[in-house]
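J.: If you're matching them up, the sequences are chains A and B in order.
With my numbering applied, the first sequence corresponds to residues 240 to 548, in that order.
With my numbering applied, the second sequence corresponds to residues 192 to 477, in that order.
C-beta: ideal position from N, C-alpha, C; glycine also.
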Amino acid sequence: MNVMAKSVGPAAADLNGLGASISVRGLAVTYASGLTAVHDASFELDPGSICALVGVNGSGKSTIFKAIMGFVKPAAGEIRLCGRPVAEAISRNIVAYVPQSEEIDWNFPVLVGDVVMMGRYGHMNFLRMPSRVDRYKVDAALERVGMSDFRNRQIGELSGGQKKRVFLARALAQEGRIILLDEPFTGVDVKTETAIISLLGELRAAGHLMLISTHNLGSVPDFCDQVVLLNRTVLAAGPTAEVFTQANLERAFGGVLRHYNLGGAQLHDDADPRHLTVLTDDERPLVIYGNDRKKMPSPPTQPDEPKKR
Amino acid sequence: MMSELLVPFSYEYMLKAMWVSALVGGVCAFLSAYLVLKGWSLMGDALAHSVVPGVAGAYILGLPFAVGAFFTGILASVGMAFVRQHSRLREDAVIGLVFTSLFALGLLLASIWPTSVSVQTIVLGNILAISDEDVVQVAIISAVSLALLLLRWKDLMIVFFDEAYARSIGLNTFLLKALFFTLLSACTVAALQTVGACLVIAMVVTPGATAYLLTDRFGRLIVISVALGAGTSFAGAYISYFLDGATGGVIVTLQTLLFLAAFLLAPKHGLLAARRRRMTIAGAAP
Ligand SMILES: Nc1ncnc2c1ncn2[C@@H]1O[C@H](COP(=O)(O)OP(=O)(O)O)[C@@H](O)[C@H]1O
Ligand SMILES: [Mg+2]
Chain A
240 MNVMAKSVGP AAADLNGLGA SISVRGLAVT YASGLTAVHD ASFELDPGSI CALVGVNGSG
300 KSTIFKAIMG FVKPAAGEIR LCGRPVAEAI SRNIVAYVPQ SEEIDWNFPV LVGDVVMMGR
360 YGHMNFLRMP SRVDRYKVDA ALERVGMSDF RNRQIGELSG GQKKRVFLAR ALAQEGRIIL
420 LDEPFTGVDV KTETAIISLL GELRAAGHLM LISTHNLGSV PDFCDQVVLL NRTVLAAGPT
480 AEVFTQANLE RAFGGVLRHY NLGGAQLHDD ADPRHLTVLT DDERPLVIYG NDRKKMPSPP
540 TQPDEPKKR
Chain B
192 MMSELLVPFS YEYMLKAMWV SALVGGVCAF LSAYLVLKGW SLMGDALAHS VVPGVAGAYI
252 LGLPFAVGAF FTGILASVGM AFVRQHSRLR EDAVIGLVFT SLFALGLLLA SIWPTSVSVQ
312 TIVLGNILAI SDEDVVQVAI ISAVSLALLL LRWKDLMIVF FDEAYARSIG LNTFLLKALF
372 FTLLSACTVA ALQTVGACLV IAMVVTPGAT AYLLTDRFGR LIVISVALGA GTSFAGAYIS
432 YFLDGATGGV IVTLQTLLFL AAFLLAPKHG LLAARRRRMT IAGAAP
């Protein structure tokens with residue numbers, strides 16, 4: 240990702256940047272099992288911003304994504320993407336989705352280039368024959384994430400970070416105004432994380448709207464303009480500075496945090512609030528937790544506001 | 192000697208058997224490219240056995256066999272879905288239950304009512320004695336399936352690779368999967384004629400599995416798989432002339448031999464290549 244082309248391509252910037260917005264009002268999603276995973280959720284997101292969707296495991300982050308992509312029908316409420324209903328937005332290729340790594344079969348016989356080309360399918364004709372433009376956009380997307388040299392690799396033969404970049408390249412090739420990333424930093428090294436974040440920054444400058452679910456609280460204030468705090472419903476939503484506060488995070492993570500503090504011997508061994516102090520200084524909690532602990536939510540921290548106790 | 196080898200080509204029934212086998216083998220191999228990727232291989236087997244009562248019933252009633260087969264194929268799918276939803280049994284148990292019950296029913300039907308078709312024909316297939324109407328049915332099923340697959344193979348690939356993404360770009364994944372399973376049942380029915388219910392599973396698994404070892408690109412996997420399926424089926428029918436019958440056995444044996452060859456010798460994913468790589472690494476290490 241160090242080799243990143245500077246321009247997004249003027250067409251992409253103009254067409255895809257304008258008015259990318261997500262509006263969720265009174266959303267409720269009930270699964271077939273009868274479980275209401277999300278209820279009464281409302282938030283508005285503006286174009287040209289990066290928004291974090293933050294909450295513990297099972298708080299409904301993936302459910303919100305599924306609702307935005309129309310995979311699950313809301314039991315109540317309404318979602319509008321760029322002012323359009325979900326189905327219409329999907330058919331216009333407005334939404335590009337970067338899946339969680341666990342959703343992919345890494346043994347599937349496809350090469351890196353083939354995966355990125357999938358991003359163009361929505362733009363192709365009935366027979367899905369790639370045009371010169373499609374090929375060009377695939378090249379450009381691979382170049383942008385620094386994966387050009389890997390285009391003929393089978394996707395299983397990549398590192399965790401490289402895999403993520405490939406799927407990000409697919410989203411770029413798709414040219415969606417709205418990009419959804421489900422836990423993009425899970426199983427990714429710090430260098431790739433930094434590179435992804437800087438790429439997201441460029442896309443923001445080009446007017447894209449990115450919604451990112453993450454456990455990686457430490458870096459949220461660094462690159463997210465807005466935060467939606469989730470726990471079965473929206474606890475708080477708005478600009479990072481207002482929403483990403485100690486008090487709010489404790490509301491969202493309270494029980495879970497205490498649990499992990501008690502159990503996490505590699506953090507520190509006592510359960511009192513001083514944990515927070517210790518970890519406040521760590522900008523990237525993910526670096527501390529190894530891969531095996533990747534599901535663990537990081538403690539709420541605000542690097543620029545160390546808590547003094 | 193030479194002329195002896197050409198004898199099968201001088202009989203019309205042999206020519207018919209060879210090209211019908213090749214057509215069916217090719218389409219089944221096309222489907223196998225998808226099946227082996229999803230861990231759905233046993234679905235092919237289940238469907239092939241489930242349609243037996245439909246085929247037997249159709250012969251008894253004098254209907255085209257495809258009609259009966261299709262009816263029981265749908266019945267089997269709905270039955271499996273129903274049992275799975277309303278019990279806590281796991282998927283493999285449900286598949287096993289439903290297809291064996293239908294298969295048993297088929298054998299019962301075919302043995303109670305004396306019909307033009309014997310149990311043996313359904314279970315083992317008999318392409319050498321295939322009737323002209325059946326040839327027409329098999330040819331239509333295969334040709335339509337092949338055409339649909341050629342039109343939609345990329346969409347199906349995305350659905351199999353990354354279903355969530357497929358939906359996010361507006362593909363109707365439910366319809367595409369329904370299309371796939373409809374084609375699968377139709378083609379297993381066609382393959383009943385050539386290799387019989389017991390060996391259909393090989394037709395919809397082995398070529399894809401072999402090709403999977405030979406390439407890392409899905410498009411090529413399909414081409415290799417179809418070539419293997421059609422080639423072995425054609426050759427199998429041809430060889431079975433000299434062995435007097437047992438077409439299904441010959442076809443599947445050929446397919447298995449090719450699989451073993453790939454398993455050992457495939458340039459990248461074969462056993463020997465893997466060993467060579469290990470040796471190189473061991474040799475390079477100080
Ligand atoms: N397909 C499903 N059927 C039933 N319940 C589900 C399904 N998917 C998720 N859930 C439940 O919905 C809740 C929210 O899940 P999810 O949105 O995946 O959370 P997150 O992504 O924040 O970890 C969880 O309790 C989960 O068990
Ligand atoms: Mg999730």
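Would you identify the three-state DSSP class for A:Gly265, choosing helix, strand or coil?
T.: Locating residue 265 of chain A in the first sequence gives position 26, where the first residue counts as 1. In the structure shown, A:Gly265 sits in a strand (DSSP, three-state: E or B).
J.: Give the DSSP-derived three-state secondary structure of B:Tyr487 in the structure shown.
T.: The structure shown has nothing for residue 487 of chain B, since chain B only spans 192 to 477.
J.: Would you be able to state if there are at least three C-beta pairs under 8 Å between the stretch 417–433 of chain B and the stretch 217–227 of chain B?
T.: yes
J.: When a residue counts only if its C-beta is closer than 7 Å to some heavy atom of ligand 2, which residues count, in chain order?
T.: A:Lys300, A:Ser301, A:Gln339, A:Asp421, A:Glu422 and A:Ser452
J.: Would you grab the beta carbon distance between B:Ala402 and B:Val391 for me? Rounded to a whole angstrom, and I think it's under 8 Å.
T.: Locating residue 402 of chain B in the second sequence gives position 211, where the first residue counts as 1. Locating residue 391 of chain B in the second sequence gives position 200, where the first residue counts as 1. About 18 Å separates the two Cβ atoms, so there is no contact after all.
J.: Between the C-alpha atoms of B:Ile331 and B:Ser302, what's the straight-line distance to the nearest angstrom?
T.: One-based indexing of the second sequence puts residue 331 of chain B at position 140. One-based indexing of the second sequence puts residue 302 of chain B at position 111. So the alpha carbons of these two residues sit roughly 29 Å apart.
J.: Return helix, strand or coil for A:Ala563, following the three-state DSSP convention.
T.: The question about residue 563 of chain A has no answer here: the residues shown for chain A are numbered 240 through 548.
J.: Of the residues B:Ala355, B:Val380 and B:Ser424, which one's Cα is nearest the Cα of B:Asp325?
T.: Translated into positions along the second sequence, residue 325 of chain B becomes position 134. The shortest Cα separation from B:Asp325 among B:Ala355, B:Val380 and B:Ser424 belongs to B:Val380.
J.: What are the boundary residues of the beta strand (DSSP E) that A:Leu474 is part of?
T.: Residue 474 of chain A sits at position 235 when you count from the first residue of the first sequence. Val473 to Pro478 is the extent of the beta strand (DSSP E) around A:Leu474.
J.: Is B:Phe256 close to chain A, meaning its C-beta is less than 7 Å from at least one C-beta of that chain?
T.: Position 65 of the second sequence holds residue 256 of chain B. Chain A, which has no Cβ nearer than 7 Å to the Cβ of B:Phe256, makes this no.
J.: Which partner residues does A:Arg421 have in the DSSP bridge list?
T.: Counted from its first residue, the first sequence places residue 421 of chain A at position 182. Position check: residue 421 of chain A holds Asp in this sequence, whereas Arg was assumed. For A:Asp421, DSSP records a beta bridge to A:Ser452.
J.: Less than 6 Å between the CB of A:Leu266 and some heavy atom of ligand 1, yes or no?
T.: In the first sequence, residue 266 of chain A corresponds to position 27, counting from 1. A:Leu266: no, Cβ never under 6 Å from ligand 1.
J.: Is A:Tyr336 near ligand 1, in the sense that its beta carbon is under 6 Å from a heavy atom of that ligand?
T.: For the purposes of this step, residue 336 of chain A is identified with residue 97 of the first sequence, where counting begins at 1. Because no heavy atom of ligand 1 lies under 6 Å away, the Cβ of A:Tyr336 does not count as near it: no.
J.: With A:Leu438 as the anchor, note down where its alpha helix (DSSP H) starts and where it stops.
T.: Against the first sequence, residue 438 of chain A aligns to sequence position 199. Element bounds for A:Leu438: Val429 to Ala444.
J.: Classify B:Leu456 as helix, strand or coil using the three-state DSSP reduction.
T.: Working through the second sequence from its first residue, we reach residue 456 of chain B at position 265. Helix.
J.: Suppose contacts are defined by Cβ-Cβ distances below 7 Å. Is A:Pro313 in contact with A:Leu266 by that definition?
T.: Taking the first sequence and counting its residues from 1, one reaches residue 313 of chain A at position 74. Taking the first sequence and counting its residues from 1, one reaches residue 266 of chain A at position 27. In this structure, A:Leu266 lies closer than 7 Å to A:Pro313 by Cβ.
J.: Quick one: what's A:Gln393 bridged to in DSSP?
T.: Here residue 393 of chain A corresponds to residue number 154 of the first sequence, with the count starting at 1. According to DSSP, which records beta bridges pairwise, A:Gln393 is partnered with A:Leu350.
J.: Which residue comes first and which comes last in the alpha helix (DSSP H) that contains B:Val218?
T.: One-based indexing of the second sequence puts residue 218 of chain B at position 27. B:Val218 -> alpha helix (DSSP H) spans Glu203 to Lys229.
J.: Just the Cα atoms here: how many angstroms apart are B:Pro244 and B:Trp304?
T.: As a first step, residue 244 of chain B must be located in the second sequence, where it is residue number 53. As a first step, residue 304 of chain B must be located in the second sequence, where it is residue number 113. Cα-Cα distance, rounded: 12 Å.
J.: For B:Tyr429, which three-state DSSP category applies?
T.: Here residue 429 of chain B refers to the residue found at position 238 when the second sequence is read from its first residue. Here B:Tyr429 sits in helix by DSSP.
J.: Select from A:Ser387, A:Met368 and A:Ala276 the residue whose C-alpha is nearest the C-alpha of B:Leu342.
T.: Taking the first residue of the second sequence as position 1, residue 342 of chain B is located at position 151. The candidate whose alpha carbon is nearest that of B:Leu342 is A:Met368.
J.: Flag B:Ala388 as yes when its Cβ comes closer than 6 Å to any non-hydrogen atom of ligand 1, and as no otherwise.
T.: Taking the second sequence and counting its residues from 1, the one referred to as residue 388 of chain B is at position 197. No, since every heavy atom of ligand 1 falls outside the 6 Å radius drawn around the Cβ of B:Ala388.
J.: Any beta carbon of chain A sitting closer than 7 Å to that of B:Ala464?
T.: Here residue 464 of chain B corresponds to residue number 273 of the second sequence, with the count starting at 1. No, B:Ala464 lies away from the interface with chain A (no Cβ there is under 7 Å from its Cβ).
J.: Pick helix, strand or coil for B:Ala464, following the three-state DSSP scheme.
T.: Position 273 of the second sequence holds residue 464 of chain B. Of the three classes helix, strand and coil, the one that applies to B:Ala464 here is helix, per DSSP.
J.: With distance defined between alpha-carbon atoms, name the residue in A:Val354, A:Pro324 and A:Asp461 nearest to A:Gly440.
T.: Numbered from 1 along the first sequence, position 201 holds the residue referred to as residue 440 of chain A. With distances taken between Cα atoms, A:Gly440 lies closest to A:Asp461.
J.: Taking the C-alpha atoms as reference points, what is the distance between B:Leu196 and B:Thr397?
T.: Mapped onto the second sequence, residue 196 of chain B falls at position 5. Mapped onto the second sequence, residue 397 of chain B falls at position 206. Approximately 28 Å, taken between the alpha carbons.
J.: Cβ of B:Leu405 within 6 Å of any heavy atom in ligand 1?
T.: The residue you call residue 405 of chain B lines up with position 214 of the second sequence. Not under cutoff, so the answer is no.
J.: Who are the neighbours of B:Asp407 on chain A, taking C-beta pairs under 7 Å?
T.: The sequence position of residue 407 of chain B within the second sequence is 216, counting from 1. In chain order: Pro348, Leu350 and Gln393.
J.: Which residues in the same chain as A:Asp509 place their Cβ atom closer than 6 Å to its Cβ, once the five residues preceding and following it in sequence are excluded?
T.: Locating residue 509 of chain A in the first sequence gives position 270, where the first residue counts as 1. With a pLDDT of only 49 at A:Asp509, under the threshold of 50, the placement of this residue in the model should not be trusted, and no figure is reported.
J.: Considering A:Ala280, what are the terminal residues of the beta strand (DSSP E) in which it resides?
T.: In the first sequence, counting from the first residue as 1, residue 280 of chain A sits at position 41. Element bounds for A:Ala280: Thr275 to Leu284.
J.: Tell me whether A:Pro423 is buried or exposed, calling it buried when 16 or more other Cβ atoms sit within 10 Å of its Cβ.
T.: Looking up residue 423 of chain A in the first sequence gives position 184. Flag for A:Pro423 reads buried.
J.: Does B:Asp353 pass the burial test, meaning 16 or more other C-beta atoms within 10 Å, or should it be called exposed?
T.: The residue given as residue 353 of chain B occupies position 162 in the second sequence. Looking at its Cβ environment, which holds 16 or more other Cβ atoms inside 10 Å, B:Asp353 is buried.
J.: By the criterion of Cβ-Cβ separation under 9 Å, what are the contact partners of A:Met308 in chain B?
T.: Numbered from 1 along the first sequence, position 69 holds the residue referred to as residue 308 of chain A. Within chain B, the residues near A:Met308 are Ala355, Arg358 and Ser359.
J.: Measuring from the CB of A:Gly297, is there a heavy atom of ligand 1 at a distance below 6 Å?
T.: Translated into positions along the first sequence, residue 297 of chain A becomes position 58. Proximity of the beta carbon of A:Gly297 to ligand 1 is indicated: a heavy atom of the ligand is located closer than 6 Å.
J.: Do A:Ile418 and A:Ala335 have their C-beta atoms within less than 7 Å of each other?
T.: Within the first sequence, residue 418 of chain A is the residue found at index 179, counting from 1. Within the first sequence, residue 335 of chain A is the residue found at index 96, counting from 1. Cβ distance < 7 Å, so A:Ile418 and A:Ala335 count as in contact.
J.: Looking only at its chain, what residues have a beta carbon closer than 7 Å to the beta carbon of A:Val482, apart from the 5 residues adjacent to it on each side?
T.: Taking the first sequence and counting its residues from 1, one reaches residue 482 of chain A at position 243. So the list reads Val466, Leu468, Ala475 and Ala476, once near-sequence residues are dropped.
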